[in-house]
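One structure is given here, and the rest of the page talks about it.
Residue numbers (full-length UniProt numbering): 1 to 153.
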């Protein structure tokens, strides 16, 4: 669900029906390609996180990485999308919204950890290569940015 929150994509969070057919109508699930309003953070999309307060430790670590100035999600997306034939796909306001929303998700996770404790919120990964994967992710981001880092999170 986080990816829909970052994009402000209400298409995947809500659904529509045809009123003409009454309550027996089928669900209409469409995607209009809208990235969402850069100035509005639809916090209801985060309800699963707020209610369950559970996520993988690796997801949390990747979010922390994307919140660091050297690996900001907006910068990674800007550089990745620059290669698209339709570039620019997102405005600077939309890219800034990505960073703001990463911070909001992390704030929600920190709240969960304060209330329930890290051992009850951050689900251990079954993959024993977590640290290696984290180091690989850091290296890939550094390669995209043209920077080097001394160590991973």
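Where is the CB? At the ideal position from N, CA and C, for every residue including glycine.
Check: is_contact[residue 39, chain D] using C-beta, thresh 8 Å; Outcome: Judged by its chain identifiers, the structure shown contains no chain D, having just a single protein chain.
Check: Start-to-end residues for the alpha helix (DSSP H) that takes in residue 51; Outcome: 47-52
Check: Length-filtered (4 minimum) alpha helix (DSSP H) runs lying within the stretch 35-87; Outcome: 47-52, 57-67, 73-81
Check: Three-way DSSP call (helix, strand, coil) for residue 122 in this model; Outcome: strand
Check: Status (buried if at least 16 other CB within 10 Å, exposed otherwise) for residue 68; Outcome: exposed
Check: Residue 60 classed as buried or exposed, judged by whether at least 16 other C-beta atoms fall within 10 angstroms; Outcome: buried
Check: Proximity of residue 105 and residue 65 at Cβ, strictly below 8 Å; Outcome: no
Check: Extent of the continuous alpha helix (DSSP H) to which residue 98 belongs; Outcome: 92-116
Check: Exposure label - residue 72; buried when at least 16 CB within 10 Å; Outcome: buried
Check: Neighbour-count burial assignment, residue 112, 16 or more Cβ in a 10 Å radius; Outcome: buried
Check: Validate contact between the stretch 120-127 and the stretch 39-56 using beta carbons, cut 8 Å, 3 pairs; Outcome: yes
Check: Burial state of residue 101 (16 or more Cβ within 10 Å); Outcome: buried
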